[in-house]
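Peer 1:
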DNA sequence: TGCTTCACG
DNA sequence: ACGTACGTGAAGCAA
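Structure below.
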């Protein structure tokens, strides 16, 4: 088997925070060499050979080959990549093999039922029209509802509604602000409804429609392997990692994603993966206990925060605890929690104190991570993926505190990314590519297209692979679902 | 191009 | 006193 190497991925692993990973930027930075750009050799940005300056084009081609090789040599001698074994390991054991998995996923594509999408689009179109009429009559004039600027004038000047908060450029009209205005006037609620529908239509129906290949009836996404600072993938054109799911209307859009005739869509998602990883890294007694004994972790956290028995926990207490658990992973402040829960900052602070009093492992993890990150200038995942955080040394308190939150989050989010990447590589080696196709990765979820008659054994294989992708001090749990569309999964 | 808003994990 | 939860990508507006 031929050796694989990719200079861009190596550069990414060396420092995922670097903004420009394209060869020309790296050549300029590392070798102080300015490469000829594509635009420079083609007058009209097309590959029309009559308009190409051939001697220039020859140099252009040579540069691509030569600079790639030069960079390769440079990386091979770089003490960073040769001496730091773990970083080298990430590259060889995760990123290079993953490259082949992703390329297969990109070439497979996912099928879309055009008629469902078209029908939904028409429904939304008429809903939007009706809302427009209602909004314009309440505002006593026609205006562009999509323009935050024009909307601000209507709400805060014409209607004299109280200004909740401001942005750099004017009045804030985001969801939170509009929600607070609901008691004063019927307009804000209608605007929110309009926005929700308009957003779904333009981003997830109109755009998606244009990206369907008329012959194959499929869309293909691009997986970006070298963009995030934590090691996650991202997806674009279209972004299939943010297809709606949280509302009924959103879910109906997922219903248009269907499998090939004779196949089913199989979805496998890690349950509470980031909290499990936190339990493992922080060795927190409470979290370990919850996952080892398969106790609902949010209810358990609620019992600690409210200092009561698990049997006393209401739905609302559990909801609050869930917000706290997420907040911990993001390094939240009392203020942030108070905003999220719409409670006074003082109450939020009490809740956080209570959490840290009962979760000393998590508290110690946060403190030691910030200390280590500030000392070393970087954090790592369990697999050794690295992220530099220069913000930690900033003289600006806000920037510094942002660095601390990023330092708390990256080892958790990044380890989850490493984990699912390993699972993807493993699964790909074990499936029959004609009958089982990996289509999507959505951070903690994998979606496959599976021939109907082997759905049971494939489910088991995928579950096994994902749950055993790492040996942690807590078990990993994967939920499996399959259906004839992505909406019912 | 930058900003605002909002979809997802 | 100050700003305030991590990581993304896309659409639409305004300049």
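Numbering (the working numbering), first residue to last: 49 to 537. Just so you know, even glycine gets a beta-carbon here, dropped at the ideal spot from N, CA and C.
Does DSSP put residue 484 in a helix, a strand or coil?
Peer 2: It is a strand residue.
Peer 1: Leaving out five residues on either side along the sequence, give the residues of the same chain with a beta carbon under 6 Å from the beta carbon of residue 459.
Peer 2: Taken in chain order, the residues that qualify are 427 and 429.
Peer 1: In whole angstroms, give me the CA-to-CA distance for residue 214 and residue 224.
Peer 2: Cα to Cα, the separation comes out at about 12 Å.
Peer 1: Roughly how many angstroms lie between the CA atoms of residue 231 and residue 188, to the nearest whole one?
Peer 2: The straight-line gap from Cα to Cα measures roughly 20 Å.
Peer 1: Residue 545 bridges to which residues according to DSSP?
Peer 2: In the structure as shown, the chain begins at 49 and stops at 537. Residue 545 is therefore absent and cannot be evaluated.
Peer 1: Put residue 275 into one of helix, strand or coil per three-state DSSP.
Peer 2: Three-state result, residue 275: coil.
Peer 1: Mark residue 419 as exposed unless 16 or more other C-beta atoms lie within 10 angstroms of its C-beta, in which case mark it buried.
Peer 2: Classification of residue 419: exposed, given that the 10 Å Cβ count is below 16.
Peer 1: Taking a contact to mean a Cβ-Cβ separation below 8 Å, would you say residue 365 touches residue 382 in this structure?
Peer 2: Against a cut-off of 8 Å, the Cβ pair of residue 382 and residue 365 comes out as no contact.
Peer 1: Residue range of the beta strand (DSSP E) that residue 496 falls in?
Peer 2: From DSSP, the beta strand (DSSP E) with residue 496 extends over 493-499.
Peer 1: Helix, strand or coil for residue 220 per DSSP?
Peer 2: In this structure, residue 220 counts as coil in the three-state DSSP scheme.
Peer 1: Which residue marks the beginning of the beta strand (DSSP E) containing residue 530, and which one marks its end?
Peer 2: 526-531 is the extent of the beta strand (DSSP E) around residue 530.
Peer 1: Using a Cβ-Cβ cut-off of 6 Å (strictly less than) and excluding sequence neighbours within five positions of residue 402, which residues of its own chain qualify?
Peer 2: Excluding residues within five positions, the ones whose Cβ falls inside 6 Å are 353.
Peer 1: Have a look at 531, 491 and 472 and flag the residue whose alpha-carbon is nearest the alpha-carbon of residue 511.
Peer 2: Checked all of 531, 491 and 472; the closest Cα to residue 511 is 472.
Peer 1: If I follow the unbroken alpha helix (DSSP H) through residue 177, where does it start and stop?
Peer 2: Here the alpha helix (DSSP H) through residue 177 covers 162-187.
Peer 1: With DSSP as the reference, identify every bridge partner of residue 270, one or two as the case may be.
Peer 2: Residue 270 pairs with 284.
Peer 1: Can the beta-carbon of residue 453 be found closer than 8 Å to that of residue 440?
Peer 2: No.
Peer 1: Taking only the alpha-carbon atoms, compute the straight-line gap between residue 199 and residue 179 and give it to the nearest angstrom.
Peer 2: One C-alpha to the other measures close to 15 Å.
Peer 1: Straight-line CA distance for residue 266 to residue 260?
Peer 2: Their backbone Cα atoms lie some 5 Å apart in a straight line.
Peer 1: If you draw a straight line from the alpha carbon of residue 330 to that of residue 285, how long is it in whole angstroms?
Peer 2: Those two C-alpha atoms are separated by around 38 Å.
Peer 1: Whole angstroms is fine: what's the gap from residue 456's alpha carbon to residue 437's?
Peer 2: Looking at the two C-alpha atoms, the distance is approximately 11 Å.
Peer 1: Between which two residues does the beta strand (DSSP E) harbouring residue 311 extend?
Peer 2: Unbroken beta strand (DSSP E) run through residue 311: 311-318.
Peer 1: Check whether the stretch 293-308 and the stretch 248-258 touch, using three or more Cβ-Cβ pairs below 8 Å as the test.
Peer 2: Segments in contact, yes.
Peer 1: Which partner residues of residue 305 appear in the DSSP bridge assignment?
Peer 2: DSSP output for residue 305 lists 160 as bridge partner(s).
Peer 1: Would you call the stretch 115-125 in contact with the stretch 399-414, where contact means no fewer than 3 C-beta pairs closer than 8 Å?
Peer 2: Cβ pair count under 8 Å is below three, so no.
Peer 1: I think residue 495 touches residue 484, with their Cβ atoms under 8 Å apart; what is that distance to the nearest whole Å?
Peer 2: Not really, about 12 Å apart at Cβ, beyond 8 Å.
Peer 1: How far does the alpha helix (DSSP H) with residue 458 in it reach, from first residue to last?
Peer 2: That run of the alpha helix (DSSP H) goes 445-478.
Peer 1: Looking at the unbroken alpha helix (DSSP H) that takes in residue 27, where does it start and where does it end?
Peer 2: Summary: the structure shown does not reach residue 27, with the chain confined to residues 49 through 537, and so no result is reported for it.
Peer 1: Residues in the same chain with beta-carbon distance under 7 Å from residue 310, minus the five sequence neighbours each way, listed in chain order, please.
Peer 2: The residues are 499 and 500.
Peer 1: Using CA coordinates, which residue listed in 491, 475 and 535 is at the minimum distance from residue 517?
Peer 2: The shortest Cα separation from residue 517 among 491, 475 and 535 belongs to 475.
Peer 1: Decide if residue 130 is buried, meaning its Cβ has at least 16 other Cβ atoms within 10 Å, or exposed.
Peer 2: Reliability of the predicted coordinates at residue 130 is poor, the pLDDT of 49 falling under 50, and the value obtained from them is presented with this limitation in mind. Classification for residue 130: exposed.
Peer 1: Can you check whether the CB of residue 157 is closer than 8 Å to the CB of residue 268?
Peer 2: For residue 268 and residue 157, yes; Cβs fall inside 8 Å.
Peer 1: Look at the Cβ atom of residue 142, then the Cβ atom of residue 442, and state whether they are nearer than 8 Å.
Peer 2: Contact flag unset, no.
Peer 1: Do the stretch 315-335 and the stretch 520-531 meet, that is, are 3 or more Cβ pairs less than 8 Å apart?
Peer 2: The stretch 315-335 vs the stretch 520-531: in contact.
Peer 1: Whose C-alpha, out of 160, 379 and 276, is nearest the C-alpha of residue 326?
Peer 2: It is 379.
Peer 1: Does the distance from the CB of residue 123 to the CB of residue 55 come in under 8 Å?
Peer 2: Yes. Within cutoff.
Peer 1: Going along the chain, which unbroken runs of the alpha helix (DSSP H) with 4 or more residues stay wholly within the stretch 353-385?
Peer 2: Qualifying alpha helix (DSSP H) stretches, in chain order: 363-378.
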